[in-house]
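Report on one structure; see the data block that follows.
Residue numbers (the working numbering): 3 to 323.
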């Protein structure tokens, strides 16, 4: 037994670190923490320790809380974020008002990745302060941010420059917010949004030269963009290489050239264009010639974008409810 233990302890830290990746954090600390100083130091230095709080955490040994790097809090669980001194990635799903208040007021979180989604209507009043916290560089090391899914991004105060932000996924925005994002995030590479809508804004900004990928995920429950909105949106990103658009039909709006002329005007560097056309069950019932129409859409799309870049027209069939 002693020989086996000696052989086990003779393994290099890299082997243990590889094994530890497959173990859940609570069980990992329960099994190895306090065995000796070597294991203590190794566990405390692991860069990938993740805790997913799906249920009551009161049964956990709190020894590992200060060493968590990635924290996921789900299903309206309340906990003191100050107990996690080294988290770099925070995901909140169905956050409570207490959690959002902590996040907004905290000055000790050094987050690099933040995701806040599935917000209940009872906590929507926190959205303005949350947006201001993020876009006033309240998390100065933030590299990626996912906010609100289908909620509306608002701006109540002066935004500052976010030099580290590289990836941004947000909900509904208007052209004023869109321009504010481009101005505040000079190194932004990837932008995903629910939709972009018109407003009366005359703000002029410089083209954003670093943004390379845009995904627009409009749904039937979100106000749809127009070609005029898209024309303005794409006019500010001349170096865009990838564009993906999700558009619900409801019911088969006639597209002119599937954005081909707008792309030709503004996106000389585009490599890929993916258009996702969403068809719902009720539309298949209302339109008996649906397959003929879809084939015609595909044909016209192919002609409009043929050989200019990699283009794809995908039909997504789904239930409305």
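Using N, Cα and C, we set each Cβ at its ideal position, and we do this for glycine too.
On a predicted model such as this, the values are computed, not experimentally measured, just so you know.
Review point. DSSP state of residue 291, grouped into three classes?
Key: Coil, per DSSP.
Point to revise | Coil, strand or helix - residue 77 by DSSP | key: If DSSP states are grouped into helix, strand and coil, residue 77 belongs with coil.
Exercise for review: Can you say whether residue 309 is buried or exposed, counting buried as having 16 or more other CB atoms within 10 angstroms of its CB?
Suggested key: exposed
Exercise for review: Locate the alpha helix (DSSP H) running through residue 137, then write down its first and last residues.
Suggested key: 129-137
**Study point:** Buried/exposed call for residue 1, threshold 16 Cβ in 10 Å
**Key:** Limits of the chain in this structure are 3 at one end and 323 at the other, which puts residue 1 out of reach.
**Study point:** Three-pair Cβ contact test at 8 Å for the region 265-284 versus the region 204-213
**Key:** No, because fewer than three Cβ pairs between the region 265-284 and the region 204-213 fall closer than 8 Å, the two stretches do not touch.
Exercise for review: Assess, as a yes-or-no matter, whether the region 111-122 is touched by the region 143-152 under the definition of 3 or more beta carbon pairs within less than 8 Å.
Suggested key: yes
**Study point:** C-beta contact flag for residue 1 and residue 84 at 9 Å
**Key:** The requested residue 1 is not part of the displayed model; the chain covers only 3 to 323.
Point to revise | Buried/exposed call for residue 87, threshold 16 Cβ in 10 Å | key: exposed
Point to revise | For residue 246 and residue 276, believed in contact at Cβ under 8 Å, the rounded distance | key: The Cβ separation is near 4 Å, so the contact holds.
Review point. With distances taken between CB atoms, is the gap from residue 190 to residue 172 smaller than 9 Å?
Key: no
**Study point:** Simplified DSSP assignment, three categories, for residue 247
**Key:** strand
Check your understanding: Exposed or buried, which one is residue 128 when buried takes at least 16 other CB atoms within 10 Å?
Key -> buried
Check your understanding: Where residue 241 and residue 216 are concerned, what is the direct C-alpha to C-alpha distance, given to the nearest angstrom?
Key -> 11 Å
Review point. Taking the runs of the beta strand (DSSP E) that are 3 residues or longer, which of them lie wholly in the region 165-207?
Key: 169-171, 174-176, 192-195 and 197-199
Check your understanding: Relative to the C-alpha of residue 77, which residue among 70, 154, 313 and 94 is closest?
Key -> 94
Exercise for review: Rounded to whole angstroms, what's the CA-CA distance from residue 296 to residue 315? Just pull it up for me.
Suggested key: 10 Å
Point to revise | Buried or exposed (CB count within 10 angstroms, at least 16 for buried), residue 3 | key: Residue placement at residue 3 is flagged as unreliable, the pLDDT there being 47, under the threshold of 50; the coordinate-derived value follows with that caveat. With fewer than 16 Cβ atoms within 10 Å of its Cβ, residue 3 is classed as exposed.
Exercise for review: Indicate whether residue 218 and residue 199 have their beta-carbon atoms separated by less than 9 Å.
Suggested key: no
Practice item. Grab me the residues of residue 66's own chain with a C-beta within less than 8 Å of its C-beta, minus the 5 sequence neighbours each way, in chain order. Key: Excluding sequence neighbours, residue 66 sits near 27, 28, 30, 31, 35, 45, 51 and 53.
Check your understanding: Can you check whether the CB of residue 164 is closer than 9 Å to the CB of residue 193?
Key -> no
**Study point:** Cα-Cα separation between residue 79 and residue 56, rounded to whole angstroms
**Key:** 8 Å
Check your understanding: From the DSSP output, which residues share a beta bridge with residue 53?
Key -> 73
Exercise for review: Name the two residues that bound the continuous beta strand (DSSP E) containing residue 119.
Suggested key: 115-119
Practice item. Quick one: measure Cβ to Cβ for residue 155 and residue 175, integer angstroms, because I've assumed they're closer than 8 Å. Key: 5 Å
Check your understanding: For residue 313, which residues of its own chain have a beta-carbon under 6 Å away from its beta-carbon, when the five flanking residues on both sides are left out?
Key -> 275 and 307
Exercise for review: Using three-state DSSP, classify residue 1 as helix, strand or coil.
Suggested key: Here the chain covers residues 3 to 323 and nothing more, so residue 1 does not appear.
Review point. So, residue 101 versus residue 74, is the Cβ gap smaller than 9 Å?
Key: No.
Practice item. With DSSP as the reference, label residue 109 as helix, strand or coil. Key: Note: residue 109 maps to coil in three-state DSSP.
Point to revise | Close-in-space but distant-in-sequence residues of the same chain around residue 71 (CB under 8 Å, 5 per side omitted) | key: Counting only Cβ-Cβ distances below 8 Å, and skipping sequence neighbours, we find 48, 49, 50, 51, 52, 88, 89, 90 and 91.
Review point. Is it right to say residue 68 is buried, meaning 16 or more other beta carbons lie within 10 angstroms of its own, or is it exposed?
Key: Only exposed fits residue 68, as fewer than 16 other CB atoms lie within 10 angstroms of its CB.
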